[in-house]
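What follows is a set of notes on a single structure, which appears directly below.
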Amino acid sequence: MTEKKLKQTILEGLTILMFLLFMVPFALVVLNSAKTSKEIIFNVMAPPERWGQLFTNIYLIFSNSTVHYMEAFGDSVAITFLSLLVIVLFSSMCAWVLVRNKTKWSQIIFMIFVAAMVIPFQVLMYPLVRWMRIVGETIHFRLLGTIPGIVFAYLGFGSPLSIFVFHGFIKTIPWELEESATIDGCSRARTFFEIVFPLLQPIIVTVLILNGIWIWNDYLLPLLVLGSNGAVQTIPIAVTAFAGAYLKQWDLILTSTLIAMLPLIALYLLAQRYIIRGMVEGSIK
1 MTEKKLKQTI
11 LEGLTILMFL
21 LFMVPFALVV
31 LNSAKTSKEI
41 IFNVMAPPER
51 WGQLFTNIYL
61 IFSNSTVHYM
71 EAFGDSVAIT
81 FLSLLVIVLF
91 SSMCAWVLVR
101 NKTKWSQIIF
111 MIFVAAMVIP
121 FQVLMYPLVR
131 WMRIVGETIH
141 FRLLGTIPGI
151 VFAYLGFGSP
161 LSIFVFHGFI
171 KTIPWELEES
181 ATIDGCSRAR
191 TFFEIVFPLL
201 QPIIVTVLIL
211 NGIWIWNDYL
221 LPLLVLGSNG
231 AVQTIPIAVT
241 AFAGAYLKQW
251 DLILTSTLIA
261 MLPLIALYLL
271 AQRYIIRGMV
281 EGSIK
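Using UniProt numbering, read the sequence shown as starting at 1 and increasing by one per residue.
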């Protein structure tokens with residue numbers, strides 16, 4: 001066996017190993033979603049006795065009068081959609097202004113956004129909650145426990161990385177396109193939304209996926225802003241309701257986890273070519 005073939009074999013083996021490491025947890029969730037709690041405790045690796053138990057578990061989840069999983073699902077959809085909308089609009093416009101205004105202050109502001117990416121979230125937890133409470137009491141607009149409050153928090157934490165990604169992509173867009181639009185009488189807003197924004201489609205999808213997965217699966221930030229027993233809940237918070245202090249309903253926990261995974265899997269499959277295109281174009285340019 002030549003050295004080149006040996007390296008290729010090792011690389012393929014590592015790839016298969018990584019694939020198994022990522023797929024085994026997903027396979028266990030799928031298998032155990034179609035079991036009762038007793039079956040899961042007895043043998044977590046065994047296949048389910050009947051796959052029809054999956055639909056029974058789904059019915060038990062959505063008919064549960066304590067957890068309100070359907071409402072939590074709707075709240076998660078609303079929070080994720082609104083958060084992604086404001087993150088994309090704010091980050092793309094901010095990055096565009098920072099790229100086109102070649103001043104010292106633009107560079108300083110961009111470096112502040114870059115530096116913000118390395119600040120641990122745990123450092124900001126207490127100041128965030130305290131600040132949101134003070135602002136709500138001052139302007140008489142409640143932020144804690146509301147959808148606008150959590151969307152505002154996601155905008156703050158999601159913007160630095162998004163601005164960094166947009167900034168690198170916008171630098172590759174020829175300035176002459178915008179200059180021609182300005183000569184034709186377009187305002188700066190119209191130039192951005194009709195000329196620049198459509199060209200950002202590949203990188204927008206990448207930003208949506210990166211932030212969408214994080215927002216949809218996030219547990220700690222919604223717990224801090226919305227609370228565990230608030231009127232507004234997300235799916236990760238609702239799932240924890242199936243895990244009591246003395247009893248854990250593993251069948252419902254795993255089934256609800258599977259339901260929460262399906263939208264992300266569907267989104268990735270639908271947008272896969274755009275994600276790859278955005279990453280390739282960004283790296284080449």
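All C-beta atoms in this analysis are idealised placements derived from N, C-alpha and C, irrespective of residue type, glycine included. If you're wondering where the values come from, they're calculated on a predicted model, not measured in any experiment.
Thinking C-beta only, is residue j closer than 9 Å to residue i?
| i | j | result |
| --- | --- | --- |
| residue 92 | residue 166 | yes |
| residue 290 | residue 210 | No answer is possible for residue 290: the residues shown for the chain start at 1 and end at 285. |
| residue 226 | residue 156 | no |
| residue 128 | residue 170 | no |
| residue 232 | residue 146 | yes |
| residue 121 | residue 220 | yes |
| residue 215 | residue 83 | yes |
| residue 117 | residue 164 | yes |
With a threshold of 9 Å between beta-carbons, can residue i be considered close to chain C, or not?
| i | result |
| --- | --- |
| residue 166 | Within the model displayed, chain C is absent; a lone protein chain is all it includes. |
Among the options, which one has its Cα closest to the Cα of residue i?
| i | options | result |
| --- | --- | --- |
| residue 235 | 196, 45, 164, 80 | 80 |
| residue 125 | 73, 224, 40, 12 | 224 |
| residue 65 | 272, 241, 269, 260 | 241 |
| residue 85 | 243, 260, 256, 205 | 205 |
| residue 172 | 273, 203, 42 | 203 |
| residue 41 | 119, 218, 250, 30 | 250 |
| residue 168 | 72, 24, 94 | 94 |
| residue 101 | 228, 175, 138 | 175 |
| residue 29 | 19, 90, 44 | 44 |
| residue 90 | 6, 154, 63 | 154 |
DSSP has residue i in a bridge; who is on the other side?
| i | result |
| --- | --- |
| residue 248 | 243 |
Our contact map puts residue i next to residue j with C-beta atoms below 8 Å; I'd like the distance itself, whole angstroms only.
| i | j | result |
| --- | --- | --- |
| residue 152 | residue 144 | Contact doesn't hold; Cβ gap of about 11 Å is too wide. |
| residue 290 | residue 252 | Outside the modelled stretch of the chain, which goes from 1 to 285, sits residue 290, for which no answer is possible. |
| residue 48 | residue 27 | Not really, about 12 Å apart at Cβ, beyond 8 Å. |
| residue 32 | residue 254 | 5 Å |
| residue 260 | residue 67 | Actually they are not in contact, since the Cβ atoms of residue 260 and residue 67 sit about 13 Å apart, beyond 8 Å. |
| residue 178 | residue 195 | 6 Å |
| residue 88 | residue 207 | 6 Å |
| residue 109 | residue 98 | 6 Å |
| residue 96 | residue 192 | 6 Å |
| residue 61 | residue 256 | 5 Å |
- Item | Cβ contact (3+ pairs, closer than 8 Å) linking the region 50-66 and the region 76-90 | no
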